[in-house]
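Quick notes on the structure that follows.
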Amino acid sequence: MKKWLGVVSLLSLSLTLVLSGCDMPWSSGTEKQNVIKSSKGDKQTATLIPKMNKKDYQSLKPTGNSSDSTRGYIGYGVNNRVDIDQLETGLMDMSKSVFSPDDYVFQSGQYLSQQDIDNMLYRKSKKTPNGLNPPLGKGKTVRDQAMNSPKILSYILEQDYLKSTGKNKYELGGISLAISLNQVYTDKVTDKAGKQYDVKKTLNVSQVKQQGKTIAQKVLQQVRQKNGLGNVPIFITLYAEAPDSSLVPGYFYSKTYVSNNSGSIGKWDNVKEDNVLFPSDESKSKYKSDNELFNNFKTDVSKYFPNFIGVIAKGRYENGDLADLNFQISIKFYDKTEVMGFASYVTSLVKDRFPFSKNIPVQISIITPNTQEAVIVSTPDMDEPFVHVFEQ
């Protein structure tokens, strides 16, 4: 196992630390324990994890037996790892607009259980009346029935935001929800004889987006019935998932804020987000200038080992502007000294010859066919890029 280095992912560091099962680098066993009073009336203790910079949240990690029963459960509904990362980090990032990191601390979802989520993800039926996916459609076979009535709702992600009520004491201040929707419906269905069939259908995106708003209202109604969530602000986002095989994630497309006591959604605000793979036909056509900058960087990188390098990048855009970049450089190394030399070379490029704006957060992962060898991180508030070579 690679040793902890202090940087896991540029955009998901805080969340990764909270969700990680490993001991934290600052854990000494002598931390002051914080008491969280939930809206359900019970109490639990938690360790307060410091923020990495002033723009991030401090995080509370429950100690002992936690009610965090949906930890890692997102993989049940969302199949693509890049979508999981984007949902978790994207929801946290957007939550800052309503739950400021200056006033709130983050905690992974504690109120919706696995069963609560399952009940909403089921197809609606007599046995599952709370299901928010449509009943099976018409057809001679169960596969036909599924194809004729595809599931829209993929997952519901909860994040909690807590406010301080005194020294080392916190209580729930609001929750955020990401409602994730299928653009491509994939499933396995089983007939009465026990035979299983694969189902895959590309959906009409505009219809999915509209149905998502209807689903969100029903999610809100069920969430409000949960003990402790009847009288807290709720921030709701809608997310369109990428296909399972996509190298880039889907995107958030709408958001709304529901005030205390309210059981209905009023105005939706559009979210203009786009995730693009470099190089690709999309990057060439939609973001021509950035695609040229990517090619310039790729050329500089390839001068080190021109015969073995492959470079791709994932760019995230907000309102048409590039918001962050994640590069992946694949290379064949023969020993650790080559890794160290190459990482040093790429770091110097980021520092002195990087073609993109210095205001754009960047993460570069250097990988071999079997493992990640090094990571380089550069953010606008850093004087020098951070580089780490992993120990195997």
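Throughout the sequence shown, residue numbering follows mature numbering (1 follows the signal peptide of the UniProt record, and there is no 0), covering -20 to -1, 1 to 372 in sequence. For glycine and all other residues, C-beta sits at the position ideal for the given N, C-alpha and C.
Which runs of the alpha helix (DSSP H) spanning at least 4 residues fall entirely within the segment 302 to 326, listed in chain order? Within the segment 302 to 326, no complete alpha helix (DSSP H) run reaches 4 residues.
Near Ile216, which residues of its chain fall below 6 Å by C-beta distance, leaving aside the five closest residues on each side in sequence? Numbered from 1 along the sequence shown, position 236 holds the residue referred to as residue 216. Once the five neighbours on either side are set aside, the close Cβ partners of Ile216 are Leu157, Ala196, Thr236.
Mind checking whether Val291 and Lys283 have CB atoms under 8 Å apart? For the purposes of this step, residue 291 is identified with residue 311 of the sequence shown, where counting begins at 1. For the purposes of this step, residue 283 is identified with residue 303 of the sequence shown, where counting begins at 1. It is not a contact, given that the beta carbons lie outside the stated cut-off.
Beta carbon of Leu209 nearer than 8 Å to that of Ile245: In the sequence shown, counting from the first residue as 1, residue 209 sits at position 229. In the sequence shown, counting from the first residue as 1, residue 245 sits at position 265. No; because the gap between Cβ atoms is not below 8 Å, this pair is not in contact.
Rounded to whole angstroms, what is the Cα-Cα separation between Phe370 and Val326? Locating residue 370 in the sequence shown gives position 390, where the first residue counts as 1. Locating residue 326 in the sequence shown gives position 346, where the first residue counts as 1. In this model, Phe370 and Val326 are separated by some 16 Å (Cα to Cα).
Between residue 424 and Val164, is the Cβ-Cβ spacing less than 8 Å? This structure cannot settle anything about residue 424, because the visible part of the chain is limited to -20 through 372.
Residue burial classification, Val185 (beta-carbon count within 10 angstroms, cutoff 16): Residue mapping note: residue 185 aligns to position 205 of the sequence shown, counting from 1. With fewer than 16 Cβ atoms within 10 Å of its Cβ, Val185 is classed as exposed.
Looking at the unbroken beta strand (DSSP E) that takes in Gly295, where does it start and where does it end? Walking along the sequence shown from the start, residue 295 turns up at place 315. That run of the beta strand (DSSP E) goes 290 to 298.
Is there contact between the segment 322 to 337 and the segment 248 to 268, where contact requires at least three CB pairs shorter than 8 Å? At 8 Å Cβ cutoff, the stretches do not touch.
Where does Asp361 fall in DSSP's three states? Numbered from its first residue, the sequence shown carries residue 361 at position 381. Correct three-state label for Asp361: coil.
Let me know the secondary structure DSSP gives Glu262 once reduced to three states. Numbered from its first residue, the sequence shown carries residue 262 at position 282. Here DSSP, grouped into helix, strand and coil, assigns Glu262 to helix.
Using the Cα positions of Val85 and Tyr37, report the straight-line distance between them to the nearest angstrom. Position 105 of the sequence shown, counted from the start, is the residue given in the question as residue 85. Position 57 of the sequence shown, counted from the start, is the residue given in the question as residue 37. Looking at the two C-alpha atoms, the distance is approximately 6 Å.
I believe Val228 touches Lys294 by the beta-carbon criterion, under 8 Å. Please report the beta-carbon distance rounded to the nearest angstrom. Residue mapping note: residue 228 aligns to position 248 of the sequence shown, counting from 1. Residue mapping note: residue 294 aligns to position 314 of the sequence shown, counting from 1. Contact holds; Cβ gap of about 5 Å.
Can you find the residues in the same chain that come closer than 6 Å, C-beta to C-beta, to Asn211, ignoring five residues on each side of it along the sequence? Your numbering for residue 211 matches position 231 in the sequence shown. Apart from sequence neighbours up to five positions away, the residues of its chain that approach Asn211 with a beta-carbon distance below 6 Å are Asn240, Asn241, ordered along the chain.
Rounded Cβ spacing between Phe313 and Glu353 (contact assumed at less than 8 Å): Counting from one through the sequence shown, the residue named residue 313 turns up at place 333. Counting from one through the sequence shown, the residue named residue 353 turns up at place 373. Rounded, the Cβ-Cβ distance is 7 Å, consistent with contact.
How would you label Pro130, buried or exposed, when you count the other beta carbons within 10 angstroms and need 16 or more for buried? Reading the sequence shown from its first residue, position 150 is the one you call residue 130. Here Pro130 is buried. Its C-beta has 16 or more other C-beta atoms within 10 Å.
For the segment 218 to 227 against the segment 102 to 120, do three or more pairs of beta-carbon atoms, one drawn from each stretch, fall closer than 8 Å, so that the two count as touching? At 8 Å Cβ cutoff, the stretches do not touch.
Using CA atoms only, rank isn't needed, just tell me which of Ser160, His368, Lys206, Ala173 is closest to Ile344. To locate residue 344, count along the sequence shown from 1; it is residue 364. Considering only alpha carbons, the answer is His368.
Roughly how many angstroms lie between the CA atoms of Pro349 and Asn148, to the nearest whole one? The residue given as residue 349 occupies position 369 in the sequence shown. The residue given as residue 148 occupies position 168 in the sequence shown. Looking at the backbone, the Cα of Pro349 and that of Asn148 are separated by about 46 Å.
Start-to-end residues for the beta strand (DSSP E) that takes in Phe366: On the sequence shown, residue 366 is found 386 positions in, with the first residue counted as 1. Looking at the DSSP string, the run of the beta strand (DSSP E) that includes Phe366 is 366 to 369.
Exposed or buried, Gly174, counting other C-beta atoms within 10 Å across all chains shown (16 or more means buried)? Stepping through the sequence shown from its first residue, residue 174 is reached at position 194. By the beta-carbon neighbour count (other beta carbons within 10 angstroms, threshold 16), Gly174 is exposed.
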